[in-house]
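Peer 1:
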Amino acid sequence: MSNENLLLLAIAIPALTPFLLALFGKLPNLRDAVSVVASIATFAAVLHLLLAVIDGARPAISLLEVMPGLVLGFEIEPLGMLFATVASGLWIPTSLYSIGYMRGAHEKKQTRFAICFAIAIAAAVGIAFSGNLFTLFIFYEVLTISTYPLVAHKETPEAKKGARTYLAILMTTSILFLLVALIWTWNITGTTEFRAGGILEGHIDPALVPFLLALFAFGIGKAALMPFHRWLPAAMVAPTPVSALLHAVAVVKAGVFTMLKVGTYIFGVGFLSKTGAADWLMWLAAASILIASIVAITKDDLKARLAYSTVSQLSYITLGVALATQMGVVGGAMHIVTHAFGKIALFMCAGAIYVAAHKTKISQLDGLGRKMPITFFCFTIAALSIIGLPPFAGAWSKWYLMIAAAETSHLIIIGVLMVSSLLNVAYLLPIPARAFFLKSKDDDANGKIEEAPLFCLLPICFAALGCVVIFFTIGGLYEYLLNIPILPESLP
Amino acid sequence: MMALIEPHLPALQVVIPLVAAPFCMMLGRGGLAWIFASVVSLATFVISIALFAQTYDGTIISYHMGGWAPPIGIEYRVDILNAFVLLIVSGSAALVLPYARSSVAAEIPAERQALFYTAFLLCVAGLLGVTITGDAFNVFVFLEISSLATYALVASGAWANKRALTAAYNYLIMGTIGATFFVIGIGMLYSVTGTLNMADLAVRIADHGDSSTLRMGFVLILLGIGLKLAMFPLHLWLPNAYAYAPSAVTAFLAATATKVAVYVMLRFMFTVLGFDYEFQADTLRMVVLPLAIIAMFAASLVAIFQDDLKRMLAYSSVAQIGYILLGLSLLNETGITASIVHLFNHAVTKAALFMVAGCFIFSAGTSSISKLAGVGRDMPWTTAAFVAGGLSLIGLPLTVGFISKWYLVLATLELGWWPVALMIMASSLLAIIYVWRVVEVAYLQPAPAGVTRKEAPLSMLIPTWIFVGLSVWFGVNAMLTATAAGRAASALIGSSHILWKD
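If you read the sequences in order, they're chains B and D. Mapped onto my numbering, the consecutive letters of the first sequence carry residue numbers 9 to 500. Mapped onto my numbering, the consecutive letters of the second sequence carry residue numbers -13 to 488.
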């Protein structure tokens, strides 16, 4: 099969799975099997493409012209390939985990849940493979709409409120800022294509670049840059598999991925650093990193704390773009991978704790470590990876971001990254520490608690293992990321 | 046979429904009259497709009524702009009639249904006549034919709710005032030029140059048409008329009546009246544009607080008309393209949404939003159609609403009018609120105990979903509509006798 067809297949499989899911809605076992098979098939297609892209292939395909000059089309480049691999790859463990979680927690309307989940994955892969900003925007909005029912899933007043905030912020930012930025870009350049080295240079008054960048940075609400981050904690009312895959990987990474993509292929790293247009963004991202970490410390709700941690970690990637060097882009892209594995593991642990012990608050976790040792062991590994300690994956992405900060001689940014690591220690490590070392106040109630079902446990172990494996195989990833074109293609 | 008919298509476009209407009345009780009206509307639809196909490449068809050459005789003049509008009108009629069968049967007594379909055909004939004619006075005549038929159609909602009578009366008074302004305005143009043919008027007005009579005529025509198209703050007749008219009528009117009025405005502002650029442009930019922006916000805000779904959609229409007026008052080609493309886009979206409201009335017996709790489970297809239409109203990608918004914002950016671009986006955020309010009630609230609601019949669902399908299809592949609108806009500007300065 040609790479172009594989590309379409990678989007079509998750996009068409909902029909099968709806068909088997009354047969839960078959339905969940369809989800798992679809996730494996999608990943297989993406993996084939990954191998081809490593070999230097750049599959591209134009589907149709929506309006004169505006094409719905796809093109794969290393950055998008990476994001697609992460999102579709982690869909497999998450779909297994969903089976254990949704049944264990006796959630209703599991068919609707599975349908929306598959559409969201299709949208994420569509974002990854978009050949131009116009196509990317379309899938970006599809992702917002398809995840709304997932956030509102429980249909309680809190779920409705959370979903409303979710929709309001993501829609407001994308329509008010991102769409205007997109139309502005189209107006001045006559294209929305992603091109190596960017398309804006020479078309825009340098004094206006910071404003356009601001429209993009705030318009991409999914990157959760402060002050437009409130939707992410609000989305935590969703069932945990949603928080794990979508609000730690697919949706939020779609946001920062778009930031990286806009930074490298619309503005161009060279153009950003030449005009200094991203300086303000760097400071804002740094502030976002620190403030969100501090807020995380104050949260007693486990998922809320993890959500603020995500807000903070996402700004690492925005920071990578704002530093406007190759190392910044490499570090940012690498952080997409390392943070994905760490954070998905943390969320899955939170879900396992909810399923097994029905606890959502950190203050309730005392002594649980002895009842659920595997869960909390994996939690510790993932936490250490997020903090950035070797031998866990997170160490490397922070390393390259620090190199980028050093290259551009922003010593304060290095300091920010270090302080942030300390804050990560302060909000993450007390959780397993309480679980392992403190004694529970009511031993009787905790007596019957045991590990979550195997369907929950295995994906957790997989993700935690990933944090270790990536640390030792980072060389390959680094080599791969150097393929992201930074300079304009030289004319032949 | 075809060769015999083809040259007369422009005349047949109007004559067929006009002549068919009285026959329809003779067909007694409901069923036959409905079949007859459907066949007639299908025939007019086929004719307008043929006319659109002939004019798509820029050809202008000039048809002389009774063989009398203009400016003495009446000329029907079809170019891509009015062929596009003809398509909207006849297409909506052809799609609304299948839907009307069940809906009308539920809302209007059997012995009155033949009269209803007669009025419907007259309304169609009037709207098509307004659009196709090249004679300024003829526009007034057809405008009155369609308006009188519309007053009757709105009033026929009285069997379901007596308030339809006051709504129709209000509409009658306001509509007549508008028509009077309009005809006085045309009289003033005639007093200066001595002609009523639009093409002839255009040339003579341009030669004549500025004069206070022309200015007065311009203002009166603007006001008269402003009333007909519900330009803020002349929109007061619209919400009640739409809310209390029978469901099928609301769907048809929302898709066509205001659109045709906008067409007349485009035609008069850009083709006919070209006496003084400064004065005309200033009026549009200083008066119409701010009013359009106020409409976008004020009407959307009011829509948020409506409990009745049809009233909510009616206020949303006033806001959407604001977008259309904004586009044309920007006075650049992209802006006019945005207006024209939105004529079509808003027609299909709003028709679908009003049809959804009609389905709710038919099956759930209410269009009150608060009583539609949990309706998403009982009427999944109807509610899903609302969501799809609502997304288009907000202007999300893959729907026609996005295409309109794209051109509109592009037009403001081309002028460098930043704040206006942001205002367009901000007002579409208000649409999210009023659309999502319904979504939340329909899906996230439990159905009240003891309420049974069946899904609407297929005869209503299929036309609804065809409109939804159109609003998705032309949102994904807008080449046809965007190209047609672009050509129409450049033809309007090309033929304009105003000196274009930007």
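Glycine residues also receive a C-beta, built at the ideal position from the N, C-alpha and C atoms.
1) Please classify W239/B as buried or exposed, where buried requires at least 16 other C-beta atoms within 10 Å of its C-beta.
2) Determine, using beta carbons only, whether S413/D comes closer than 8 Å to chain B.
3) From the DSSP output, in three-state form, read off R473/D for me.
4) If you draw a straight line from the alpha carbon of T320/D to that of I326/D, how long is it in whole angstroms?
5) Can you give the Cα-Cα distance for A350/D and P84/D, rounded to whole angstroms?
6) Using Cβ-Cβ distances below 9 Å, what residues of the region 374 to 388 of chain D are close to chain B?
7) Would you decide whether P95/D is buried or exposed? Buried here means 16 or more other CB atoms lie within 10 Å of its CB.
8) Please compile the residues from chain D whose C-beta is within a distance smaller than 7 Å of the C-beta of I146/B.
9) Within this structure, are the beta carbons of V260/B and K230/B separated by less than 8 Å?
10) Do we get a CB-CB distance below 8 Å when we pair T93/B with the residues of chain D?
11) Within the region 88 to 123 of chain D, note down every full alpha helix (DSSP H) run reaching 4 residues or more, in order along the chain.
12) State the start and end residues of the unbroken alpha helix (DSSP H) segment that holds F340/D.
13) Are the Cβ atoms of A146/D and L108/D separated by less than 8 Å?
14) Drop a sphere of 10 angstroms on the beta-carbon of R492/D, count the other beta-carbons inside from all chains shown, and report buried for 16 or more, exposed for fewer.
15) In chain order, which continuous runs of the alpha helix (DSSP H) of length 4 or greater are located wholly inside the region 179 to 207 of chain B?
16) Tell me, which residues are paired with S429/B by DSSP?
17) Start and end of the beta strand (DSSP E) containing R63/D?
18) Starting from N463/D, find everything on chain E with Cβ-Cβ shorter than 7 Å and list it in chain order.
19) Can you tell me the Cα-Cα spacing of Y301/D and A468/D, whole angstroms?
20) My parser needs the beta strand (DSSP E) runs of 3 or more residues fully inside the region 84 to 109 of chain B; what are they?
21) Determine the direct distance from the alpha carbon of A471/D to that of V5/D, and round the result to whole angstroms.
22) On the DSSP bridge list, what partners appear for G81/B?
23) Taking C-beta pairs closer than 8 Å, name the residues in chain B that W422/D reaches, listed in chain order.
24) T469/D touches chain B at which residues, Cβ-Cβ below 8 Å?
25) If you draw a straight line from the alpha carbon of I35/D to that of V0/D, how long is it in whole angstroms?
26) Heavy atom of the ligand NAP less than 7 Å from the Cβ of P405/D, yes or no?
27) Going along the chain, which residues of its own chain have a beta-carbon closer than 6 Å to the beta-carbon of F460/D, five neighbours each way excluded?
28) Using the three-state DSSP reduction, which class does I47/D fall into: helix, strand or coil?
29) Figure out for me which residue from A343/D, L382/D, F218/D has the closest Cα to the Cα of Q306/D.
30) Hey, is the region 157 to 177 of chain B in contact with the region 211 to 218 of chain B, meaning 3+ C-beta pairs nearer than 8 Å?
31) For chain D, check one thing: does any of its Cβ atoms lie closer than 8 Å to the Cβ of W291/B?
32) Could you list which residues in chain B have their beta carbon closer than 7 Å to that of I490/D, in chain order?
33) Could you please give me the residues that DSSP links to K369/B through a beta bridge?
34) Under a CB-based cut-off of 8 Å, is I479/D close to chain B?
35) Is it buried or exposed, E492/D, if we count other Cβ atoms within 10 angstroms and call 16 or more buried?
36) Alpha carbon to alpha carbon, how far is P500/B from T199/B?
Peer 2: The answer reads as follows:
1) Here residue 239/B corresponds to residue number 231 of the first sequence, with the count starting at 1. It is buried - the Cβ of W239/B has at least 16 other Cβ atoms within 10 Å.
2) The residue given as residue 413/D occupies position 427 in the second sequence. It does not; no Cβ of chain B falls within 8 Å.
3) On the second sequence, position 487 is the one that residue 473/D refers to. Correct three-state label for R473/D: helix.
4) Here residue 320/D corresponds to residue number 334 of the second sequence, with the count starting at 1. Here residue 326/D corresponds to residue number 340 of the second sequence, with the count starting at 1. C-alpha of T320/D to C-alpha of I326/D: approximately 10 Å in a straight line.
5) Numbered from 1 along the second sequence, position 364 holds the residue referred to as residue 350/D. Numbered from 1 along the second sequence, position 98 holds the residue referred to as residue 84/D. C-alpha separation (whole angstroms): 20 Å.
6) L377, I380, G381, L382, P383, L384, F388
7) Counted from its first residue, the second sequence places residue 95/D at position 109. When all chains shown are included, P95/D counts as exposed.
8) Numbered from 1 along the first sequence, position 138 holds the residue referred to as residue 146/B. Neighbours of I146/B on chain D, chain order: P383, L384.
9) As a position in the first sequence, residue 260/B is number 252, starting the count at 1. As a position in the first sequence, residue 230/B is number 222, starting the count at 1. Result yes, Cβ atoms of V260/B and K230/B sit closer than 8 Å.
10) Translated into the one-based positions of the first sequence, residue 93/B becomes position 85. Answer no: the Cβ-Cβ gap between T93/B and chain D never drops below 8 Å.
11) You should have 99 to 118.
12) Residue numbering aside, residue 340/D sits at position 354 when the second sequence is read from its first letter. Per DSSP, F340/D belongs to the alpha helix (DSSP H) from 319 to 350.
13) On the second sequence, position 160 is the one that residue 146/D refers to. On the second sequence, position 122 is the one that residue 108/D refers to. Cβ distance not < 8 Å, so A146/D and L108/D don't count as in contact.
14) Look at the range of chain D in this structure, -13 to 488, and you will see that residue 492/D is not part of it.
15) Annotation note: the region 179 to 207 of chain B contains the following uninterrupted alpha helix (DSSP H) runs of length 4 or greater, listed N- to C-terminal: 187 to 197.
16) What you label residue 429/B is simply residue 421 of the first sequence in a count that begins at 1. S429/B is not bridged to any residue.
17) For the purposes of this step, residue 63/D is taken as the residue at position 77 of the second sequence. Unbroken beta strand (DSSP E) run through R63/D: 61 to 64.
18) In the displayed structure, chain E is absent; the protein chains listed are B and D.
19) As a working mapping, residue 301/D is identified with position 315 in the second sequence. As a working mapping, residue 468/D is identified with position 482 in the second sequence. Spanning the two alpha carbons is a distance of roughly 26 Å.
20) As far as the region 84 to 109 of chain B is concerned, it has no whole beta strand (DSSP E) run of at least 3 residues.
21) Within the second sequence, the letter at position 19 stands for residue 5/D. Within the second sequence, the letter at position 485 stands for residue 471/D. Each residue's Cα considered, the two are about 31 Å apart.
22) Numbered from 1 along the first sequence, position 73 holds the residue referred to as residue 81/B. DSSP output for G81/B lists S70/B as bridge partner(s).
23) Indexing the second sequence from 1 puts residue 422/D at position 436. Correct list: R172, L175.
24) As a position in the second sequence, residue 469/D is number 483, starting the count at 1. Result: P76.
25) Locating residue 35/D in the second sequence gives position 49, counting from the first residue. Locating residue 0/D in the second sequence gives position 14, counting from the first residue. Distance between the alpha carbons of I35/D and V0/D: 14 Å.
26) With respect to the ligand NAP, the structure offers nothing, as it holds no ligand at all.
27) Here residue 460/D refers to the residue found at position 474 of the second sequence. Cβ within range, chain order: V386, T467.
28) Counting from one through the second sequence, the residue named residue 47/D turns up at place 61. DSSP places I47/D in strand when its eight states are reduced to three.
29) Against the second sequence, residue 306/D aligns to sequence position 320. It is F218/D.
30) At 8 Å Cβ cutoff, the stretches do not touch.
31) Working through the first sequence from its first residue, we reach residue 291/B at position 283. Answer no: the Cβ-Cβ gap between W291/B and chain D never drops below 8 Å.
32) Residue coverage of chain D in this structure runs from -13 to 488, which leaves residue 490/D outside it and unanswerable.
33) The residue given as residue 369/B occupies position 361 in the first sequence. Looking at the DSSP assignment, K369/B forms a beta bridge with D309/B.
34) Here the question's residue 479/D lines up with position 493 in the second sequence. Output row for I479/D: interface = no.
35) The question about residue 492/D has no answer, for chain D in this structure spans -13 to 488.
36) What you label residue 500/B is simply residue 492 of the first sequence in a count that begins at 1. What you label residue 199/B is simply residue 191 of the first sequence in a count that begins at 1. A caution first: P500/B carries a pLDDT of 45, below 50, which makes its placement in the model unreliable, though a value can still be read off. Going by the C-alpha atoms only, they are around 22 Å apart.
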